[in-house]
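Trainee:
There are 2 protein chains.
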Amino acid sequence: MPKMSRLIDIAEKLTPELSTTEVYPVQIVEVLPDEEAFQGWKVQPVDSLESLQHRSFSKNESFVLDFGDHQVGYLNLSLKPIGSPPDAPLRLKLIFGEMPCEIGESFDEYKGWLSRTWLQDEIINIDVLPAQIRLPRRYCFRYLKIEVLDTSRKYTIAFPDIHVTAVTSGNGSGIAPLPDRMPEDLRMMDKIAIKTLQDCMQTVFEDGPKRDRRLWIGDLRLQAQANYLTFQHADLVKRCLYLFGGMTLEHGEVSACVFEKPEPLADDTLLYDYSLFFVATLYDYIEATGDMDTLQELWPIALDQLKLAAGRLDDRGIVKDDTTWWCFIDWHEELNKQASAQAILIYALKRGTELAKRLGQEEIQHWIDEMTLLASDAALAYLWDEQQGFFISGAERQVSWASQVWMVLAEVLDTSSNAALLTHAFNNPPAIGMTTPYMHHHLIEALILSGLKDKALEQMRAYWGEMVKDGADCFWELYNPADKRLSPYGSNLINSYCHAWSCTPTYFIRKYFLD
Amino acid sequence: MPKMSRLIDIAEKLTPELSTTEVYPVQIVEVLPDEEAFQGWKVQPVDSLESLQHRSFSKNESFVLDFGDHQVGYLNLSLKPIGSPPDAPLRLKLIFGEMPCEIGESFDEYKGWLSRTWLQDEIINIDVLPAQIRLPRRYCFRYLKIEVLDTSRKYTIAFPDIHVTAVTSGNGSGIAPLPDRMPEDLRMMDKIAIKTLQDCMQTVFEDGPKRDRRLWIGDLRLQAQANYLTFQHADLVKRCLYLFGGMTLEHGEVSACVFEKPEPLADDTLLYDYSLFFVATLYDYIEATGDMDTLQELWPIALDQLKLAAGRLDDRGIVKDDTTWWCFIDWHEELNKQASAQAILIYALKRGTELAKRLGQEEIQHWIDEMTLLASDAALAYLWDEQQGFFISGAERQVSWASQVWMVLAEVLDTSSNAALLTHAFNNPPAIGMTTPYMHHHLIEALILSGLKDKALEQMRAYWGEMVKDGADCFWELYNPADKRLSPYGSNLINSYCHAWSCTPTYFIRKYFLD
Chain A
552 MPKMSRLIDI AEKLTPELST TEVYPVQIVE VLPDEEAFQG WKVQPVDSLE
602 SLQHRSFSKN ESFVLDFGDH QVGYLNLSLK PIGSPPDAPL RLKLIFGEMP
652 CEIGESFDEY KGWLSRTWLQ DEIINIDVLP AQIRLPRRYC FRYLKIEVLD
702 TSRKYTIAFP DIHVTAVTSG NGSGIAPLPD RMPEDLRMMD KIAIKTLQDC
752 MQTVFEDGPK RDRRLWIGDL RLQAQANYLT FQHADLVKRC LYLFGGMTLE
802 HGEVSACVFE KPEPLADDTL LYDYSLFFVA TLYDYIEATG DMDTLQELWP
852 IALDQLKLAA GRLDDRGIVK DDTTWWCFID WHEELNKQAS AQAILIYALK
902 RGTELAKRLG QEEIQHWIDE MTLLASDAAL AYLWDEQQGF FISGAERQVS
952 WASQVWMVLA EVLDTSSNAA LLTHAFNNPP AIGMTTPYMH HHLIEALILS
1002 GLKDKALEQM RAYWGEMVKD GADCFWELYN PADKRLSPYG SNLINSYCHA
1052 WSCTPTYFIR KYFLD
Chain B
552 MPKMSRLIDI AEKLTPELST TEVYPVQIVE VLPDEEAFQG WKVQPVDSLE
602 SLQHRSFSKN ESFVLDFGDH QVGYLNLSLK PIGSPPDAPL RLKLIFGEMP
652 CEIGESFDEY KGWLSRTWLQ DEIINIDVLP AQIRLPRRYC FRYLKIEVLD
702 TSRKYTIAFP DIHVTAVTSG NGSGIAPLPD RMPEDLRMMD KIAIKTLQDC
752 MQTVFEDGPK RDRRLWIGDL RLQAQANYLT FQHADLVKRC LYLFGGMTLE
802 HGEVSACVFE KPEPLADDTL LYDYSLFFVA TLYDYIEATG DMDTLQELWP
852 IALDQLKLAA GRLDDRGIVK DDTTWWCFID WHEELNKQAS AQAILIYALK
902 RGTELAKRLG QEEIQHWIDE MTLLASDAAL AYLWDEQQGF FISGAERQVS
952 WASQVWMVLA EVLDTSSNAA LLTHAFNNPP AIGMTTPYMH HHLIEALILS
1002 GLKDKALEQM RAYWGEMVKD GADCFWELYN PADKRLSPYG SNLINSYCHA
1052 WSCTPTYFIR KYFLD
């Protein structure tokens, strides 16, 4: 399907200006192995920043700067040779780390299956000194290690100024302070969640400013929900919706992610759930803004997603589970996606009917409602295991947390049955657990929807609260309190430690816990 | 001594525009170990350049391009991803080699004492693909190895265009062709010498475009001599003289080298012989151009060099040899520099008197002539060993080639005695030999000055002719036919393989061998 250039033009016109802030490091530190510390690395202050003004460095000397918080931006380096006029270039290695592990462990040993190019290091050669340089790439880091690979015998190198020009499209000046009665741990969670969201807000809602630095619809949906309660940058959501809507795939499917540069381009990754989230994200946007022009423009694309997804239902009304499709749900190798997908289809249909209603499209609304009924009845008939008291998924009748959570969110059962289902799951935990903050978000939302707010709060504290205790500046892409080096990519170096889908504590706190 | 900003301004106004030429690689090659090949590395063609249009590369794949000749310039790379939209940055390693050894041997093993930063390699990360990039630094190379350090599992990378924008300030269109009768080997030597000079002609006469990429007066003197007979870019010589003249050291000494950027700056390296070559280079420039304005402006600085150098004479009229001075002469750890320095003082005084004469400064001319006589008589009285038939140098009465050659060039003896001295040296070679093409240049000049043109030609063929047989595209900084891995820096990787002081075969051929 060709790009719809009119929609892309609208998206491009909504590209935000980024605001910049100059941020200076706060201290010189070292990163040391420590079995007690998170991921085995401890950060220890070694000197004041001011001490850097009195030092210069020779071949093979290095130091590590701590910028005090997570930064997304451009590095500025002032380089001053000390000694004779520099008679040879300067060669530096720069290593940027969101986390201490990135400073402590060698990137050369990286054996993960995601591209090593996501690890942020540079070797730069500078011919002319003194120099003021600004590295052209954007980095994402709290820690910066500078290694002097070589100067010459005639000079050493000093660093009179090092700072980062931090960038974001999220202006936090309008975010309301939390009421005084809010407990301190929730305040901290809210603050870190907002920082996470802000650092992901660039010219789109990025999934993670370190990796993948681009717009995924699964992340977008949650970012947008948090955004309406914090930064209120509705135009950025609109831009993202128009990017997805303007570049669908072969049969009209909304792609799972899009690229902005060198020109807007849809990725060839197609995920059943992510395409459906276009409907849900559009619904949330309309709820937040009432922007009917956008609804009219994007509705045909949203409706296509419902039709395409419904086309996957078998004769019974159940989403076909075979080897030809991809559905995300959670990072879990053994998770069967059928029941979750069924639930997400129902979840999206229920939002679709509201949009059709707003547009007065009765015939379409009728079709959607029929599909909803079909899929819901089929779910109860074929995916509900009365004996176990759980929804099952796939030919192996797998019981997972994901299936229960998504069926709750799809509201296939009534509220009290949903509450009973989740309570049953806590008492008899399904064999297939949850992996990501993204899946944990949906658990919290499901608990609240079922009237289990206390349990929701307890779970937020057990998950995001533990991340805070483990030193998170921003909330992480991946976290398992029981396995803190967890990575689905084969190395925790490549994990994103500021990740959009983890930013929702602020959404929960501000939506459900203010009164 | 402060910079004389008026002189620097004149120099800066003479900064030439560089002409550019787009140069494309000619073939894909591999560099293989071969004990028979120069420095142990053989270059073997493996594929046509055209084949690159049909290939793309994954993680850890690499290829080596041969640009067919030595290049100085900026690399342009066109990068085209093949497969899915590139979902991760591209990381490339680029290794630039003037010589096969730079491709064959790992820079990581480099243990030489000059800065490793002279070795030309880059690791670059490209976030947005496809891309047309031009690397900001200038490189000097014939061979380019491109290693794909990583892409991602979703794409490979193709290189539809790779070329270099070669730069020089030497315009060869006015260089007269050699007469038909000129033997083929001398034509080849002339051609390579001109290419060497041209690649060193940038915004100054650089010593070597790979290393040190800057203006040394020892190189300048020889480049200027070759330039008057080839490129005839007199203004570039003038610019260089003004740079040296405008930035003298503490007591008014002309520095051995100057930097152009970030702003003109004299190096703190002071060499007795190099300061004196300011006089000789000015003399040659005036002979070539008759530019009396420049002579009047720079003469006081030239005269200062004669006075400062004469101030080093002891009561006998001999240059003091102690641990407080530096004099270059040749790259030879054991060489005593006293006699050569004495000779270079006389050589410079003799050119100084001609300049004083042109300016009608009789009193100064008289002083110079007296100094010349004093230094010459002292050389004969104290440095000439009648029994050995050689000039000796230093307290150890060392006999070196350098002392004999420089005393011939200083014309301390008459022409027939000089011829006899050099013949005697060939028959009874001094223990301390010659190392660099720079020193060999002076041998050739001394032979010609002594009427031994046949011997001069034989020596040119034995030295530069051997370099040609060893595959030189440009003439090298260092060469010893008996030890082809020779480097005074601890590694032949760091040698400059296009070096100004080796460019003089064209000067000899065009000045002395046209008739």
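Residue numbers (the working numbering), protein chains in the order written: chain A, 552 to 1066; chain B, 552 to 1066.
Every residue gets a Cβ at the ideal spot worked out from N, C-alpha and C, and that includes glycine.
Owing to the predicted nature of the structure, the values given are computational and were not obtained by experimental measurement.
1. May I have the straight-line CA-CA distance separating I995 of chain A from A1007 of chain A, to the nearest angstrom?
2. Once the 5 residues before and after C791 of chain A are set aside, which same chain residues still bring their CB inside 7 Å of it?
3. Between which two residues does the beta strand (DSSP E) harbouring C691 of chain A extend?
4. According to DSSP, D750 of chain A sits in a beta bridge with which residue or residues?
5. I need the boundaries of the alpha helix (DSSP H) containing C791 of chain B, first residue and last residue.
6. In angstroms, rounded to a whole number, what distance separates the CA positions of H1050 of chain B and L1044 of chain B?
7. Say whether chain A places a C-beta atom closer than 9 Å to the C-beta of L645 of chain B.
8. 9 Å is my cut-off, CB to CB: does L794 of chain A come that close to chain B?
9. With distances taken between CB atoms, is the gap from G796 of chain B to F829 of chain B smaller than 9 Å?
10. Select from B:M922, B:R902, B:N969, B:D763 the residue whose C-alpha is nearest the C-alpha of P636 of chain A.
11. When you compare each of A:G619, A:Q776, A:G903, A:L964 to P596 of chain A by their alpha carbons, which one comes out closest?
12. What does R685 of chain B reach in chain A if we use C-beta pairs closer than 7 Å?
13. Measuring only between beta-carbons, confirm whether K858 of chain A sits less than 9 Å from chain B.
14. Could you name the residues of the same chain whose beta carbon sits closer than 8 Å to that of P815 of chain A, not counting the 5 residues immediately before and after it, in chain order?
15. Assuming the contact rule is C-beta atoms closer than 8 Å, L906 of chain B and Y834 of chain B should be a hit. Round their C-beta distance to whole Å, please.
16. Quick check on this structure: which residue in B:E962, B:S806, B:K705 has the alpha carbon closest to the alpha carbon of L680 of chain B?
17. Buried or exposed for T874 of chain B, going by 16 or more other Cβ atoms inside 10 Å?
18. Taking just the CA atoms, how far does Y989 of chain A sit from T572 of chain A?
19. Any contact of the region 926–938 of chain A with the region 958–973 of chain A, i.e. 3+ C-beta pairs under 8 Å?
20. Beta-carbon separation of Y1048 of chain A and K696 of chain A under 9 Å?
21. Starting from E848 of chain B and walking both ways along the alpha helix (DSSP H), at which residues does that stretch end?
22. Excluding the five sequence neighbours on either side, which residues of its own chain have a C-beta within less than 6 Å of the C-beta of I999 of chain B, listed in chain order?
23. Got a sec: is the Cβ-Cβ distance from D818 of chain B to anything in chain A below 9 Å?
24. Under 8 Å, with one C-beta from each stretch per pair, do the region 718–729 of chain B and the region 621–633 of chain B reach the 3-pair mark?
25. Determine the contact status of S1038 of chain A and S703 of chain B, defining contact as a CB-CB distance below 9 Å.
26. Just checking my contact of R909 of chain B with I837 of chain B at CB under 8 Å: how many whole Å lie between their CB atoms?
27. Which residue marks the beginning of the alpha helix (DSSP H) containing I895 of chain A, and which one marks its end?
28. Using CA coordinates, which residue listed in B:R557, B:H883, B:A926, B:W1052 is at the minimum distance from A982 of chain B?
29. Please confirm if L700 of chain A has its CB atom under 9 Å from at least one CB of chain B.
30. Helix, strand or coil for R667 of chain B per DSSP?
31. I need the straight-line Cα distance from Q671 of chain B to G648 of chain B, nearest angstrom please.
32. Going along the region 740–758 of chain B in order, which residues come within less than 9 Å of chain A, judged by CB to CB distance?
33. Would L680 of chain A pass as an interface residue toward chain B - the criterion being a Cβ-Cβ separation below 9 Å?
34. Under 6 Å Cβ to Cβ from G984 of chain B, same chain only, skipping five residues before and after it: list those, please.
35. Could you check which residue in A:I654, A:D758, A:K610, A:Q753 has the C-alpha nearest to that of L787 of chain A?
36. Just tell me which of A:R693, A:G945, A:A926, A:A744 has its CA closest to the CA of V580 of chain A.
Mentor: Straight from the coordinates:
1. 5 Å
2. V755, F756, L766, L771
3. 690–701
4. Its beta-bridge partners do not exist; DSSP assigns none.
5. 785–797
6. 14 Å
7. no
8. no
9. yes
10. B:D763
11. A:G619
12. Near R685 of chain B there are no residues of chain A at all, since even the closest Cβ is about 13 Å away, more than 7 Å.
13. no
14. K554, I559, A562, E563, L794, G797, M798, V809
15. 6 Å
16. B:K705
17. exposed
18. 30 Å
19. yes
20. no
21. 843–861
22. A1007, Y1063
23. yes
24. yes
25. no
26. 7 Å
27. 889–910
28. B:H883
29. yes
30. helix
31. 7 Å
32. none
33. yes
34. W952
35. A:Q753
36. A:R693
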